[in-house]
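A.B. asks: Position one of the sequence shown corresponds to residue 70 (this note's numbering), numbered consecutively onward.
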Amino acid sequence: MKYVDEFRDPFAARGVLAAIARTVDAIGAIKEKPIHIMEICGGHTHAIFRYGLDKLTPPGLEFIHGPGCPVCVLPMPRVDEAVEIAERNGVIFTTFGDAMRVPGTKKSLLQAKADGADIRMVYSPLDALDLARRNPNRDIVFFGLGFETTTPSTALSIQQAAAERLTNFSVFCNHITVPPPIKALLDDPFMILDGFVGPGHVSMVIGTHPYDFIARDYGKPIVVAGFEPLVLLQSVLMVLTQISEGRAEVENQYARIVPEHGNPISIAACNDVYEPRDSFEWRGLGEIDKSGLKIREKYAAFDAERKFGIGYAIASRALAEPDGCRCGDVMTGRIKPRACPKFGRDCTPEAPLGALMVSSEGACAAYYQYGGAQLEDVA
Ligand code: SF4
70 MKYVDEFRDP
80 FAARGVLAAI
90 ARTVDAIGAI
100 KEKPIHIMEI
110 CGGHTHAIFR
120 YGLDKLTPPG
130 LEFIHGPGCP
140 VCVLPMPRVD
150 EAVEIAERNG
160 VIFTTFGDAM
170 RVPGTKKSLL
180 QAKADGADIR
190 MVYSPLDALD
200 LARRNPNRDI
210 VFFGLGFETT
220 TPSTALSIQQ
230 AAAERLTNFS
240 VFCNHITVPP
250 PIKALLDDPF
260 MILDGFVGPG
270 HVSMVIGTHP
280 YDFIARDYGK
290 PIVVAGFEPL
300 VLLQSVLMVL
310 TQISEGRAEV
320 ENQYARIVPE
330 HGNPISIAAC
340 NDVYEPRDSF
350 EWRGLGEIDK
360 SGLKIREKYA
370 AFDAERKFGI
380 GYAIASRALA
390 EPDGCRCGDV
400 MTGRIKPRAC
410 PKFGRDCTPE
420 APLGALMVSS
430 EGACAAYYQY
440 GGAQLEDVA
């Protein structure tokens, strides 16, 4: 397949893998004292396991799976609040499909739908806008979820609703941003990371400069990467090369897609519609300063939090995870998914207990789907 096969060429991959092995050797990393590289994005986690890159790279290199799956980091109280809105009379609650099964403290959106709430899966906030036009007597709420990749489309739908003076459309905003959790991870006293593979889609929107602090203030290299196996391997090699040469820079392997300064139209739409929250809760990681977005006062009429009286109050948050769930430890690199006592037994993609098993981009789901399950290891 043109434009895909070139990025999956096994001969080229062997060459890059050999270079990775040489560089890991030159650094002096071994299995007992490996180099730790975090892939921030859940799409990269999925690709690493799908193509077996963790098995092809030398034992002196260890991938740590970052918090870049927006469904996985959605905290349980926010799921409860989504259910609360969805169960109001007259509401049609719309959401991307992968959020349907995320467990709340009482139930998921899927369970709420089974209980009678009018919850519909959509592919875009524009589908929700269309529902609003066609159902003037119902309140259409869109579950705004995701990183900088999806924040612009939600922002544009709010601007469009305002332009059309729609009064029955609102957004339950849970959009989050990538740089603050990276900073929180780097500030963690347990921090073991030597470098980062940066997210491709997010960077298409924000560019590469929001990562400058990683190299400048923390002395860690980061390379923005795409999602095909050769591209990912090349990006890992670039991180390793920086480490071996004692450099810490922001590099862009995905320059064919990611502009240095991002997408100005998307950035302008987001600046118009959102402002940072003081703090936002990440499942498994806790509260992180300035890591979430809320809808600005000028678009208050389209803010489901205001419309339905559901405010984000830290004092009322319940941070507890399901009993025995170790999602937070997986996301911070403290353990691998298989070390969680629930993995493969009480927690599977069919019946997820923790958030990392819900989405295919979650580290636990990727381990399970692509051979990480190996139930003999957890029996
Ligand atoms: S196996 Fe399930 S419960 Fe354990 S860390 Fe992964 S998602 Fe959480």
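Just so you know, even glycine gets a beta-carbon here, dropped at the ideal spot from N, CA and C. Computed from a predicted structure; not experimentally measured.
Where does Phe-259 land, buried or exposed, given buried means 16+ other C-beta within 10 angstroms?
C.D. replies: exposed
A.B. asks: If the criterion is Cβ atoms closer than 8 Å, does the pair Gly-264 and Gln-311 meet it?
C.D. replies: yes
A.B. asks: In the DSSP output, what is Ile-336 paired with across the bridge?
C.D. replies: DSSP output for Ile-336 lists no bridge partner at all.
A.B. asks: Does any heavy atom of the ligand SF4 sit closer than 7 Å to the C-beta of Val-148?
C.D. replies: no
A.B. asks: Within 8 Å, do at least three Cβ pairs link the stretch 390 to 398 to the stretch 409 to 428?
C.D. replies: Put simply, the stretch 409 to 428 touches the stretch 390 to 398. At least three CB pairs are less than 8 Å apart.
A.B. asks: Near Cys-110, which residues of its chain fall below 6 Å by C-beta distance, leaving aside the five closest residues on each side in sequence?
C.D. replies: Taking Cys-110 as the centre and dropping the five residues before and after it, the same chain places the C-beta of Gly-137 and Pro-268 closer than 6 Å to its C-beta, in chain order.
A.B. asks: In the DSSP assignment, find the unbroken alpha helix (DSSP H) run with Thr-310 in it and report its ends.
C.D. replies: 298 to 313
A.B. asks: Could you tell me the boundaries of the beta strand (DSSP E) in which Thr-20 lies?
C.D. replies: Outside the shown range of the chain, which is 70 to 448, sits residue 20, and nothing can be said about it.
A.B. asks: Please state if the CB of Val-266 and the CB of Val-305 are separated by a distance shorter than 8 Å.
C.D. replies: yes
A.B. asks: Using CA atoms only, rank isn't needed, just tell me which of Asn-340, Ile-227, Asn-204 and Arg-407 is closest to Phe-212.
C.D. replies: Ile-227
A.B. asks: Taking contact to mean 3 or more Cβ pairs, one atom from each stretch, closer than 8 Å, check whether the stretch 414 to 427 and the stretch 120 to 128 are in contact.
C.D. replies: no
A.B. asks: Could you spell out the range, first to last residue, of the beta strand (DSSP E) harbouring Tyr-343?
C.D. replies: 343 to 345
A.B. asks: Output yes or no for whether 8 Å exceeds the beta carbon distance between Leu-309 and Ala-82.
C.D. replies: Contact flag unset, no.
A.B. asks: Helix, strand or coil: which one does DSSP assign to Arg-414?
C.D. replies: coil
A.B. asks: Does the stretch 233 to 240 come close enough to the stretch 186 to 204 that 3 or more CB-CB pairs lie under 8 Å?
C.D. replies: yes
A.B. asks: Classify Glu-150: buried if its beta carbon has 16 or more other beta carbons within 10 angstroms, exposed otherwise.
C.D. replies: buried
A.B. asks: Figure out for me which residue from Leu-254, Arg-325 and Pro-298 has the closest Cα to the Cα of Arg-119.
C.D. replies: Checking every option, the nearest Cα to that of Arg-119 belongs to Pro-298.
A.B. asks: Under 8 Å between the Cβ atoms of Val-152 and Ala-183?
C.D. replies: no
A.B. asks: DSSP three-state call for Cys-409: helix, strand or coil?
C.D. replies: When secondary structure is reduced to three states using DSSP, Cys-409 falls in the coil class, being assigned neither helix nor strand.
A.B. asks: Nearest CA to the CA of Val-160: which residue from Phe-241, Asp-257, Asp-358 and Ala-95?
C.D. replies: Phe-241
A.B. asks: Does the distance between the C-beta of Met-426 and the nearest non-hydrogen atom of the ligand SF4 fall short of 7 Å?
C.D. replies: yes
A.B. asks: Might you give, ordered along the chain, the residues of its own chain that have their beta carbon closer than 6 Å to the beta carbon of Glu-131, omitting 5 neighbours on each side?
C.D. replies: Pro-103 and His-105
A.B. asks: Rounded to a whole number of angstroms, what is the C-alpha to C-alpha distance between Gly-361 and Glu-374?
C.D. replies: 14 Å
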